[in-house]
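K.L.:
Using this note's numbering, you'd call the opening residue of the sequence shown number 23 and step up by one each time.
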Amino acid sequence: MRRLAARSSSASQELEVIAPSKLAIDNVSKSFQSASGTVLALDHVSLQVDEGEFVCLVGASGCGKTTLLNIIAGLEKPDSGNVLADGKPITSPGRDRLVMFQEPALFPWLDVFGNVLFGLKLKPNLTNKDRRDVAKYYLELVGLTRFERANIHELSGGMKQRVALARALAPNPRVLLMDEPFAALDALTREQLYGDLQRIWEERKKTIVFVTHNVREAACLGERVLLFSPHPGRIQEEFAVDLPRPRDINSVDLAGYATKIIRSLRKFSEERREDGR
Ligand SMILES: Nc1ncnc2c1ncn2[C@@H]1O[C@H](COP(=O)(O)OP(=O)(O)O)[C@@H](O)[C@H]1O
Ligand SMILES: [Mg+2]
């Protein structure tokens, strides 16, 4: 067998686990104009996310989850309020905060390896060999080593999301922002990804803000689950999930947490109905 050349010191340095960011969202409001009037997507939303915390935002469609994620990513600006990462205002997108979407948005003209390599292009301190070593590390982390030369159109939905995850992780961000990344996948594929994402979060020590409308998924992944309510978008309630990892989506204890969250979700929508809102 051919021996692999050792990683250079710059590649090893690039692969070091770096300190995750702390996020502070303070009194953030954001509205949009639409044909039917003004929509208050976020109404004075505040939240703190600790360094290395895994937080899930859960709520029905339209309650401002994506808007908040885009603001943390620096893709949208709030109308008022402050958003800080490690005490510094977020004013634009940055390599420290990378987003993964429901649609993997991969480059179809590049193979799996090329897609992961892409995010490393802007790292001037790395040689081409370093970049390849780093990309290989992340492909292994997400379990795609065997598929590194596969074309994107040959992959299943779950494998595409693994590529997207490796691509987001490769530049070693301090924060990973995930917007319903598993929503389009079948249940079995999702279960595997829940296990992998928990393992990767523990190994790579990222701050993760994960958006979903799936309560069980939120309880499986989050240290904390924040329940959002719509029109106007607000944080309605917060749940701490105190279960050991790796968590199994089918466990009875987890179902207990999910039931508690769903009850709160129902109670709130019934109160709104009675109020005629
Ligand atoms: N660019 C936009 N233009 C107009 N309305 C928008 C825009 N983005 C979001 N909205 C509205 O803001 C509200 C919150 O949207 P969004 O953040 O996408 O919610 P979620 O991700 O929770 O489904 C919705 O009512 C949506 O229609
Ligand atoms: Mg959304």
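C-beta: ideal position from N, C-alpha, C; glycine also.
What's the C-alpha gap between residue 31 and residue 57?
P.N.:
For the purposes of this step, residue 31 is identified with residue 9 of the sequence shown, where counting begins at 1. For the purposes of this step, residue 57 is identified with residue 35 of the sequence shown, where counting begins at 1. For residue 31 and residue 57, the distance between alpha carbons rounds to 56 Å.
K.L.:
Report yes if the CB atom of residue 118 is closer than 8 Å to the CB atom of residue 197, and no otherwise.
P.N.:
The sequence position of residue 118 within the sequence shown is 96, counting from 1. The sequence position of residue 197 within the sequence shown is 175, counting from 1. For the 8 Å CB-CB criterion, residue 118 and residue 197 form a contact.
K.L.:
Does any residue of chain C have a CB that is nearer than 8 Å to the CB of residue 181?
P.N.:
As a matter of chain content, chain C is missing from the structure shown, which is built from one protein chain.
K.L.:
Return the bridge partner residues of residue 263 from the DSSP annotation.
P.N.:
The residue labelled residue 263 in the question sits at position 241 within the sequence shown. DSSP output for residue 263 lists no bridge partner at all.
K.L.:
So, at 7 Å on beta carbons, what are the nonlocal neighbours of residue 142 in its own chain, with the 5 sequence-adjacent residues on each side left out?
P.N.:
In the sequence shown, counting from the first residue as 1, residue 142 sits at position 120. 148, 153, 156, 157, 192 and 193.
K.L.:
Collect the residues with a C-beta less than 5 Å away from any heavy atom of ligand 1 and give them in sequence order along the chain.
P.N.:
Residues with a Cβ closer than 5 Å to any heavy atom of ligand 1, in chain order: 54, 56, 61, 63, 83, 84, 85, 86, 87, 88 and 89.
K.L.:
Just list the residues that DSSP pairs residue 51 with in beta bridges.
P.N.:
Translated into the one-based positions of the sequence shown, residue 51 becomes position 29. Beta-bridge pairing links residue 51 to 102.
K.L.:
State yes or no: is the C-beta of residue 80 within less than 8 Å of the C-beta of residue 204?
P.N.:
In the sequence shown, residue 80 corresponds to position 58, counting from 1. In the sequence shown, residue 204 corresponds to position 182, counting from 1. No.
K.L.:
Classify residue 303 as buried or exposed, calling it buried when 16 or more other Cβ atoms lie within 10 Å of its own Cβ.
P.N.:
There is no way to answer for residue 303, as the model of the chain reaches only from 23 to 299.
K.L.:
Would the beta-carbon of residue 111 fall within 8 Å of that of residue 97?
P.N.:
To locate residue 111, count along the sequence shown from 1; it is residue 89. To locate residue 97, count along the sequence shown from 1; it is residue 75. By the CB criterion at 8 Å, residue 111 and residue 97 fall outside the cutoff.
K.L.:
Using DSSP with H/G/I as helix, E/B as strand and the rest coil, what is residue 23?
P.N.:
Residue mapping note: residue 23 aligns to position 1 of the sequence shown, counting from 1. Per-residue confidence for residue 23 stands at a pLDDT of 45, beneath the threshold of 50, marking its modelled position as unreliable; no derived number is given.
K.L.:
Pull up the distance between the alpha-carbon of residue 132 and that of residue 125, whole angstroms please.
P.N.:
Start at 1 with the first residue of the sequence shown, and residue 132 comes out as number 110. Start at 1 with the first residue of the sequence shown, and residue 125 comes out as number 103. The alpha-carbon atoms of residue 132 and residue 125 are separated by roughly 17 Å.
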